[in-house]
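Below: one structure, written as C-alpha cells.
There are 2 protein chains.
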Amino acid sequence: MSVLVVGSVALDTVKTPFGFQREVLGGSATYFSMAASFFTKVKVVAVIGTDFDENHFKLFKKRGVDWSGIERKPGKSFRWEGEYRDDINTAITKKTSLNVFREFDPVLPGKYRGSRTVFLANIDPDLQMKVLGQIRLPKLVVCDTMNFWIENKSDSLRKMISHVDILLMNDGEVRQFTGEANLFKAVRAVLKLGPRTVVVKRGEFGAMMFHGNTIFAVPAFPLDRAVDPTGAGDSFAGGFVGYLSGKKALTVDHLRQAVVFGSVMASFAVQGFSIDSFRTLTHEKIRERYRQFKELTSFRSL
Amino acid sequence: MSVLVVGSVALDTVKTPFGFQREVLGGSATYFSMAASFFTKVKVVAVIGTDFDENHFKLFKKRGVDWSGIERKPGKSFRWEGEYRDDINTAITKKTSLNVFREFDPVLPGKYRGSRTVFLANIDPDLQMKVLGQIRLPKLVVCDTMNFWIENKSDSLRKMISHVDILLMNDGEVRQFTGEANLFKAVRAVLKLGPRTVVVKRGEFGAMMFHGNTIFAVPAFPLDRAVDPTGAGDSFAGGFVGYLSGKKALTVDHLRQAVVFGSVMASFAVQGFSIDSFRTLTHEKIRERYRQFKELTSFRSL
C-alpha cells in the first residue's frame with residue numbers, strides 16, 4: 291500500500307487578501323504528498339535546482355514521504371508567482387519560471403517501478419505517459435491536467451487519458467477539453483475516452499464524481515476564510531488517491547468516501563499558506579472534518 | 291395548512307439555447323404557486339391587465355390554486371423579455387414593462403388575512419411590508435428579493451427582513467447586500483438583522499441553508515439540459531415553503547428536507563419553458579427525484 295506521484299516541487303510567491311509569502315514550498319507533487327501521507331506511504335518523483343534548500347523537506351521526512359526520487363539538477367528550481375483577489379477561486383499568474391522543470395525527464399528509481407497506485411499530477415501529458423511506461427503493473431492510475439495542455443497538447447492528452455482509470459479535472463477544463471457547455475455531456479464525452487471515473491473539481495462549489503451510472507456530489511467545506519487556495523486541487527487528489535490506495539477493490543462506496551476525504555484535505559490546505567496546515571494536522575482532525583461533511587450534507591429519507 | 295403568496299404574474303418572452311417562447315405565463319407568484327401546489331393549498335395575490343387571457347389560469351384551477359386574490363386592472367399585464375446564452379445561470383434582461391404592476395397596491399381579500407404561512411416573493415420591500423401588515427397572525431414568513439431592491443431600497447429591505455423568519459437570496463445578492471465577499475460572513479451579517487434562517491440559492495451549484503449553528507448544503511440536480519432557467523428560484527421557494535407549511539414545528543430536519551424539496555421543484559421547473567414541467571408532474575415523480583437527491587449526496591459514515 292503506497293502511492294507514487296510524479297509532479298512539480300516549486301517555490302511559490304503568493305499574494306492573497308490574507309497575506310503575502312515569498313518563495314515558500316509549493317508544487318503539485320508537494321501538496322499531493324503531504325495530503326496523501328495521512329493515508330498511505332508516498333514516493334515522489336520530481337526535480338529541483340541547486341538552489342533548493344533541503345530544509346524544505348523537513349515535513350516530508352516527518353510525514354514519512356520517500357523523496358529519494360526527487361532529482362537535483364544544475365540550475366534554478368521551478369518558481370511560480372501568483373495572486374488571488376476577491377474571487378478566491380481564480381489564481382492570477384504573474385510569473386512562471388520553469389527553470390530545471392523545463393528539462394524534466396523523469397526516470398524512475400528501480401524501487402519505484404513496482405508501484406501499484408500512481409498519481410500523474412499536472413505535467414506535460416507526454417511526460418505522464420513516459421512515467422506510466424516505466425511502471426510494471428499499475429493497478430490504479432489517476433491523473434490531473436490543466437488548460438495549458440488542453441490548448442497545446444490536446445492529442446497527447448487524449449492518448450494519456452485513454453490509459454488512466456480516474457481523471458481529475460476542474461469544471462472549466464472539462465468543458466474546454468470537450469467543447470461541450472453542459473457539464474454532464476462534457477463528462478460523458480470524457481468517459482468515452484477510457485477512464486472509468488471522472489472527478490470534477492469545482493473550487494468553492496465542491497466536487498462531483500461520475501462513475502458508470504453513479505453521480506456523486508459534495509459541497510466544499512464552508513470556511514470563514516480561504517487563506518491561500520494554492521494547492522487545493524492537489525491536496526484533494528492526495529486525500530482521494532491516498533484513501534483509495536488502501537482499498538482492495540474500487541467500489542462505488544469507496545469512491546464516494548474518497549471524494550469526501552479529498553474535499554477534507556483540500557479544505558485544510560486552503561486554511562494556510564503553502565503546506566502550513568499539514569504541519570499540525572492529525573488523523574483525529576481529519577476524521578472530525580469528515581464527520582462535519584456528513585452533518586453538512588445529511589437529510590432524512592422519505 | 292395553506293400558503294399565501296404575493297408576487298408577480300407576468301407574460302414572459304424568453305430565448306434560451308433550446309428555443310424561443312413568446313408571451314408565455316411567468317412571474318414569481320406563478321412559479322411559486324405551481325411548485326407549492328404539490329405540497330399545500332395556495333392562495334395568490336397579484337395583478338394582471340385587461341389583456342390577460344384567463345386560459346392561462348387553467349393549470350391554476352387544475353392544481354387547486356386559489357387565484358381569487360389576483361386583481362384585474364385597466365392596462366396591460368406585466369411583461370418581461372430575457373435571454374440565456376451559454377452561461378445558463380445568468381439571465382440577460384432585454385425589456386421589462388411593468389405596466390399594471392407599476393401601480394400594484396396589494397389589498398388582501400378578508401379570507402386571506404388569516405393565513406399562517408406567507409411567501410413574499412420578489413417585489414418592492416415596502417409592498418412586502420404592506421402585505422405583511424394585513425395578515426393577522428402569521429406563523430411563518432418567508433421572503434425573497436433581488437439586486438434591484440438591494441441597490442435602490444436598501445433601508446426598506448433591511449426593515450422588511452427584520453420581520454421575516456426565513457430569507458431566500460442568491461449567492462451574489464447576499465454578498466452585495468452585506469458588502470462581504472466571504473459567503474459565511476455575509477450570511478452571518480444577514481442573520482443579525484432578524485431572520486432565524488437564511489437559504490442561499492446558487493443556481494447550478496445548488497443551495498445552502500444557515501440556521502443557528504447548522505449549515506446544510508445540497509447540490510443542484512444534474513440535468514442534461516436546463517431548457518429554461520426562468521422561475522427556478524421561485525419554484526425552489528414553492529417546494530421549500532410548501533413543504534414547511536405542513537409541519538407543526540420548524541425542526542432542523544424539516545428545514546433540511548424542505549431545501550431538498552425546493553431543489554427538486556427547481557430542477558423540474560428548468561426542464562421546460564414557462565410552467566410546462568408542472569403540467570405532467572406527479573407526487574410520485576417528486577418523491578422519486580427526492581430519492582435521487584439522496585443517492586446523489588450519500589456517502590458512508592466512518
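Line order of the protein sequences matches chains D and V.
Using the working numbering, the first residue of the first sequence is number 291, and each one after it goes up by one.
Using the working numbering, the first residue of the second sequence is number 291, and each one after it goes up by one.
Each residue gets a CB set at the ideal place from its N, CA and C atoms; glycine is no exception.
Keep in mind that this is a model prediction, so the values were computed, not measured.
Notebook entry, point to check: Taking Cβ positions only, does tyrosine 580 (chain V) come closer than 8 angstroms to chain D?
Noted result: yes
Check: Name the chain D residues whose beta carbon is nearer than 8 angstroms to that of glutamine 547 (chain V)?
Finding: Phe589, Arg590
Check: Who pairs with tyrosine 374 (chain D) in a beta bridge, going by DSSP?
Finding: D:Ala381
Notebook entry, point to check: Going along chain D, which residues have a C-beta under 7 angstroms from isoleucine 456 (chain V)?
Noted result: By Cβ distance, chain D contributes nothing, its closest Cβ being about 17 angstroms from isoleucine 456 (chain V), past 7 angstroms.
Notebook entry, point to check: Going by DSSP, what residues sit across from methionine 498 (chain D) in a beta bridge?
Noted result: D:Val490, D:Ala507
Check: Between the C-alpha atoms of alanine 326 (chain V) and glycine 502 (chain D), what's the straight-line distance to the nearest angstrom?
Finding: 34 angstroms
Next item on the list: Provide the residue(s) that pair with valine 550 (chain D) in DSSP beta bridges, ordered along the chain.
Entry: DSSP, once it has assigned bridges, lists no residue as partnering valine 550 (chain D).
Next item on the list: Look up arginine 362 (chain D) in the DSSP assignment and give the residues it is bridged to.
Entry: D:Ile338
Checklist line | Buried/exposed call for threonine 340 (chain V), threshold 16 Cβ in 10 Å | finding: exposed
Margin query: Contact criterion: CB-CB distance below 8 angstroms. Does asparagine 472 (chain D) meet it with respect to chain V?
Written below: yes
Note to self: Once the 5 residues before and after valine 421 (chain V) are set aside, which same chain residues still bring their CB inside 6 angstroms of it?
What the structure shows: Val296, Pro396
Next item on the list: Using a cut-off of 7 angstroms between C-beta atoms, extract the partners of serine 507 (chain V) located in chain D.
Entry: The amino acid occupying residue 507 (chain V) in the given sequence is alanine; serine does not appear at that position. The contacting residues are Pro509, Leu586, Thr587.
Note to self: My parser needs the alpha helix (DSSP H) runs of 4 or more residues fully inside the region 395-446 of chain V; what are they?
What the structure shows: 415-423, 437-442
Note to self: Against arginine 577 (chain D), what residues of chain V qualify as contacts under a CB-to-CB distance less than 7 angstroms, listed in chain order?
What the structure shows: Leu592
Next item on the list: Using the DSSP secondary-structure output, state which residues sit across from serine 557 (chain V) in a beta bridge.
Entry: Beta-bridge pairing links serine 557 (chain V) to no other residue.
Checklist line | Where aspartate 514 (chain D) meets chain V, residues with beta-carbon distance less than 7 angstroms | finding: Asn472, Phe474, Lys475
Next item on the list: Closer than 7 angstroms by C-beta to glutamine 424 (chain V): which residues in its own chain qualify, once you throw out the five before and the five after it? Chain order, please.
Entry: Leu398, Arg403
Checklist line | Cβ neighbours of leucine 534 (chain V) in the same chain (closer than 6 angstroms, five flanking residues each side left out) | finding: Ala548
Notebook entry, point to check: Based on Cα-Cα distance, which residue from D:Gly469, D:Arg392, D:Glu494 lies nearest to asparagine 379 (chain D)?
Noted result: D:Glu494
Note to self: Distance cutoff 8 angstroms, beta carbons only. Does aspartate 543 (chain D) sit that close to anything in chain V?
What the structure shows: yes
Margin query: Do aspartate 524 (chain D) and tyrosine 321 (chain D) have their beta-carbon atoms positioned less than 8 angstroms apart in this structure?
Written below: yes
Notebook entry, point to check: Counting pairs of beta carbons, one from the region 553-561 of chain V and one from the region 498-517 of chain V, are three or more of them closer than 8 angstroms?
Noted result: yes
Check: What first and last residue would you give for the beta strand (DSSP E) that runs through isoleucine 565 (chain D)?
Finding: Per DSSP, isoleucine 565 (chain D) belongs to no beta strand (DSSP E) and is neither H nor E.
Next item on the list: Tell me, to the nearest whole angstrom, how far the beta carbon of phenylalanine 563 (chain V) is from that of valine 488 (chain V); I am working on the premise that it is less than 8 angstroms.
Entry: Phenylalanine 563 (chain V) to valine 488 (chain V), Cβ: 30 angstroms. No contact.
Next item on the list: Could you tell me whether any Cβ in chain D is nearer than 8 angstroms to the Cβ of phenylalanine 495 (chain V)?
Entry: yes
Note to self: With H, G and I counted as helix, E and B as strand and the rest as coil, what does DSSP make of alanine 471 (chain D)?
What the structure shows: coil
Check: If arginine 369 (chain V) sits next to serine 387 (chain V), beta carbons under 8 angstroms apart, how far is it from one beta carbon to the other, in whole angstroms?
Finding: 4 angstroms
Margin query: Which of the three DSSP states is assigned to glycine 523 (chain V) in this structure?
Written below: helix
Note to self: For phenylalanine 391 (chain D) and valine 464 (chain D), which I take to be in contact (beta-carbon distance under 8 angstroms), what is that distance rounded to the nearest angstrom?
What the structure shows: Contact flag wrong, Cβ pair sits at about 26 angstroms.
Next item on the list: Could you please give the first and the last residue of the uninterrupted beta strand (DSSP E) stretch that includes alanine 326 (chain D)?
Entry: That residue, alanine 326 (chain D), is in no beta strand (DSSP E); its alpha helix (DSSP H) goes 318-326.
Note to self: Using DSSP's beta-bridge definition, name the partner residues of asparagine 460 (chain D).
What the structure shows: D:Lys491
Margin query: If you follow the beta strand (DSSP E) that threonine 303 (chain V) is in, where does it begin and where does it stop?
Written below: 300-306
Margin query: Taking a contact to mean a Cβ-Cβ separation below 8 angstroms, would you say glycine 532 (chain D) touches alanine 559 (chain D) in this structure?
Written below: no
Notebook entry, point to check: Leaving out the 5 sequence neighbours to the left and right, which residues in its chain are closer than 8 angstroms to serine 446 (chain D) when beta-carbon positions are compared?
Noted result: Asp414, Pro415, Asp416, Met419, Trp439
Item checked: Element boundaries [beta strand (DSSP E), containing leucine 294 (chain V)] -> 292-296
Notebook entry, point to check: Looking at the C-beta of valine 550 (chain D), does it have a partner C-beta in chain V at a distance below 8 angstroms?
Noted result: yes
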